[in-house]
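Chains as they are written, first to last, in our numbering: chain A, 1 to 214; chain B, 1 to 214. Idealized CB from N, CA, C, for every residue including glycine. All of these numbers come straight from a predicted model, not from anything done at the bench.
There are 2 protein chains.
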Amino acid sequence: MPETVARIASRAERKERTRQRLLDVTLEFIEKRSLAGISLREVAREAGIVPTAFYRHFESMDALGVELVDESMRPLRQMIRDARRGSPTHQDIIKNTVEILGRQVREHKAEFRFLSRERYGGIAAVRRAIATELRLFTSELTVDLARITAGAGWSSYDLEMTADLMVAAMLAAVMELLEAEARHAEDERTILDRSERQLRLIALGMSVWHSATD
Amino acid sequence: MPETVARIASRAERKERTRQRLLDVTLEFIEKRSLAGISLREVAREAGIVPTAFYRHFESMDALGVELVDESMRPLRQMIRDARRGSPTHQDIIKNTVEILGRQVREHKAEFRFLSRERYGGIAAVRRAIATELRLFTSELTVDLARITAGAGWSSYDLEMTADLMVAAMLAAVMELLEAEARHAEDERTILDRSERQLRLIALGMSVWHSATD
DNA sequence: GCTTTCAGTGCACGCTCGTACACTCAATAG
DNA sequence: CTATTGAGTGTACGAGCGTGCACTGAAAGC
């Protein structure tokens with residue numbers, strides 16, 4: 001019989017909490033090592049359960065990794081939503097987007113590190129999950145670009161090509177931000193400034209694209 | 001006493017050959033897994049020596065990984081040399097470069113896969129070695145861009161920013177080429193064509209950069 | 001209130017792992 | 001010819017791994 005107000009965690013709640021602990025613990029380990037180098041036993045140990053209890057939640061570390069992709073993509077999806085609520089003019093969109101990018105990376109380092117570390121990492125299933133999500137991200141951006149360039153005669157092929165380039169530029173910035181953190185080689189501002197200029201360079205290319213290729 | 005013509009492998013030659021076998025075997029394993037998931041024992045086994053003999057060549061798998069970076073960078077360096085022996089006009093440079101990129105990736109898949117897999121992988125020393133080499137690559141490209149845009153009033157800061165963007169675009173293409181191989185999602189021609197368009201878009205942006213920012 | 005469910009336990013197993021140590025024996029050096 | 005060197009051997013160890021299996025005990029279902 002379910003109480004109207006559960007004063008103490010129910011069975012399902014407790015399970016969910018343990019599951020979340022497993023995911024969180026793995027995310028912490030990712031800071032130093034890659035998924036392939038993290039054992040089921042140490043994750044279970046750190047989460048405070050016995051190794052065999054791990055199987056109540058995931059059938060393997062690889063499966064946990066795939067779930068973690070979803071989990072980690074949330075900040076990225078939030079980023080799109082934030083960026084869309086942005087300002088009207090071209091240049092402002094870029095400035096705004098880069099700023100949001102910087103903030104999201106700062107606030108969700110572990111998630112972004114996981115995604116960049118495993119994007120081309122050793123576990124095929126995880127790679128595939130990340131690739132799928134990023135393709136979604138690119139197609140979202142393509143839609144935005146289509147809206148912005150409406151009536152300017154852009155083919156969907158070229159729009160996607162451009163979105164792809166922009167995503168590549170932004171992901172490169174993300175990775176540099178994560179690396180810079182640890183090595184103090186360049187500070188955040190420098191990286192974001194460069195990224196902003198790169199996106200503006202691309203936008204500039206777009207503005208003369210058809211006059212050069214038509 | 002060294003013979004004038006060594007008919008049978010000398011001691012040093014034999015050692016070098018074993019060392020190379022260890023590197024090659026590791027490169028083969030990288031196709032399926034990341035460095036962190038490859039054990040010293042299996043590398044030794046596959047190379048035909050006993051595990052403890054591994055230490056005659058490298059002090060750990062991590063150290064072998066760092067050496068492998070050098071080894072794998074050779075095709076990339078060759079790429080620069082090939083591209084520079086290229087043609088004079090702007091558009092031809094891009095077409096030519098992308099073609100060379102495609103060929104190098106096709107001919108040196110394993111090396112490129114190693115670099116992309118470990119670029120943000122779990123071993124800090126390997127990450128650092130790759131980052132250093134790639135920074136060198138970017139600065140080479142910056143020099144080329146400086147030569148091409150000589151007298152057009154480009155700051156070295158903006159040149160580097162642009163080179164950085166171009167490298168990001170090319171690396172993204174490399175990674176897609178490697179992924180496509182296994183999944184047949186897109187064929188090589190499509191990816192290279194897109195990459196060519198992306199570089200051309202950037203070049204177009206460059207041609208109007210100063211009129212827009214000065 | 002009795003029964004069922006199931007998250008978490010505890011033990012045991014057969015592996016593989018990195019590495020220490022003493023060794024062999026052919027190529028090299030003097 | 002003899003002595004040295006050093007790449008590769010063989011054994012052995014302790015530790016950690018993934019996982020199978022029988023279990024416990026509290027919450028949920030009826």
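Please report how far the alpha carbon of residue i lies from the alpha carbon of residue j, in whole angstroms.
i: Val43(A); j: Met73(A); result: 21 angstroms
i: Ala129(B); j: Trp209(A); result: 38 angstroms
i: Asp193(B); j: Thr213(A); result: 15 angstroms
i: Ile93(B); j: Leu199(A); result: 23 angstroms
i: Glu99(A); j: Gly153(A); result: 30 angstroms
i: Tyr120(A); j: Ala131(A); result: 9 angstroms
i: Ser34(B); j: Ala83(B); result: 30 angstroms
i: Met1(B); j: Met79(B); result: Unreliable placement is indicated for Met1(B), whose pLDDT of 36 sits below 50; the coordinate value is still reported in the next sentence. Rounded to whole angstroms, Met1(B) to Met79(B) spans 41 angstroms at the Cα level.
i: Glu188(B); j: Thr138(A); result: 20 angstroms
i: Glu133(A); j: Met61(A); result: 20 angstroms
i: Ser207(A); j: Val143(A); result: 17 angstroms
i: Ala180(A); j: Arg11(A); result: 43 angstroms
i: Thr227(B); j: Leu68(B); result: Within the shown structure, residues of chain B are numbered from 1 to 214, placing residue 227(B) beyond reach of any answer.
i: Ala63(A); j: Arg45(A); result: 18 angstroms
i: Glu3(A); j: Arg85(A); result: Low local confidence applies: a pLDDT of 38 at Glu3(A) is under 50, so the model's placement there is unreliable, with the coordinate-based value given in what follows. Their Cα atoms are separated by approximately 40 angstroms.
Going by the CB atoms, is the gap between residue j and residue i shorter than 8 angstroms?
i: Glu118(A); j: Gly48(A); result: no
i: Leu40(B); j: Phe54(B); result: yes
i: Leu141(B); j: Val105(B); result: no
i: Ala173(A); j: Ile191(A); result: yes
i: His57(B); j: Leu101(B); result: no
i: Ala124(B); j: Gly37(A); result: no
i: Glu31(B); j: Arg81(B); result: no
i: Ser116(A); j: Met175(A); result: yes
i: Leu178(B); j: Lys109(B); result: yes
i: Leu159(A); j: Leu145(A); result: yes
i: Thr162(B); j: Leu201(A); result: yes
i: Arg19(B); j: Ala9(B); result: no
i: Gly205(B); j: Gly122(A); result: no
Does any C-beta atom of chain B lie closer than 8 angstroms to the C-beta of residue i?
i: Arg197(A); result: yes
i: Asp187(A); result: no
i: Ala146(A); result: no
i: Thr162(A); result: yes
i: Ala131(A); result: yes
i: Ala12(A); result: no
i: Glu99(A); result: no
i: Ala31(A); result: Correcting the residue type first, residue 31(A) is Glu in the shown sequence and not Ala. With 8 angstroms as the cut-off, Glu31(A) does not count as an interface residue toward chain B.
i: Glu179(A); result: yes
i: Ala168(A); result: yes
List, in chain order, every chain B residue whose beta-carbon is nearer than 8 angstroms to that of residue i.
i: Ser116(A); result: Tyr120
i: Leu22(A); result: The premise fails here: Leu22(A) is roughly 19 angstroms from chain B at the closest Cβ pair, so nothing lies under 8 angstroms.
Is the CB of residue i under 8 angstroms away from at least one CB in chain A?
i: Ala212(B); result: yes
i: Thr18(B); result: no
i: Ile202(B); result: yes
i: Arg194(B); result: yes
i: Glu216(B); result: For chain B, the structure presents residues 1 to 214; residue 216(B) sits outside this window and is missing.
i: Ala150(B); result: no
i: Ala125(B); result: no
i: Ala110(B); result: no
i: Ala63(B); result: no
i: Ala53(B); result: no
i: Leu165(B); result: yes
i: Ala83(B); result: no
Given that a residue counts as buried once 16 or more other Cβ atoms are within 10 Å of its Cβ, and exposed if not, what is residue i?
i: Asp70(A); result: exposed
i: Pro75(B); result: buried
i: Arg183(B); result: exposed
i: Asp164(A); result: buried
i: Arg7(A); result: Note that Arg7(A) has pLDDT 47, beneath the 50 cutoff, so the model's placement of it is unreliable and no number is given.
i: His151(B); result: The question names His, yet the displayed sequence has Gly at residue 151(B). Classification for Gly151(B): exposed.
i: Thr26(B); result: buried
i: Val5(A); result: Here the model assigns Val5(A) a pLDDT of 41, short of 50, so the residue's position is not dependable and the matter cannot be decided.
i: Glu13(B); result: exposed
i: Ser195(A); result: buried
i: Arg77(A); result: exposed
i: Arg197(A); result: buried
i: Glu111(A); result: buried
i: Val50(B); result: exposed
Please compile the residues from chain A whose C-beta is within a distance smaller than 7 angstroms of the C-beta of residue i.
i: Met175(B); result: Tyr120
i: Ser34(B); result: Ser34, Ala36, Gly121 and Gly122
i: Glu42(B); result: By Cβ distance, chain A contributes nothing, its closest Cβ being about 14 angstroms from Glu42(B), past 7 angstroms.
i: Ala172(B); result: Ala168
Please list the partners that residue i has in chain B, where partner means a Cβ-to-Cβ separation under 9 angstroms.
i: Met206(A); result: Leu201, Leu204 and Gly205
Residue i touches chain B at which residues, Cβ-Cβ below 7 angstroms?
i: Leu76(A); result: Neighbours of Leu76(A) on chain B: none; closest Cβ ~16 angstroms, over 7 angstroms.
What in chain A is Cβ-close to residue i, meaning under 8 angstroms?
i: Trp154(B); result: Here the premise fails: no neighbours, minimum Cβ distance about 12 angstroms.
State yes or no: is the C-beta of residue i nearer than 7 angstroms to some heavy atom of the ligand NAD?
i: Glu59(B); result: Absent from the structure shown: the ligand NAD. Ligands present: none.
Who are the neighbours of residue i on chain A, taking C-beta pairs under 9 angstroms?
i: Leu136(B); result: Simply none; closest approach about 14 angstroms.
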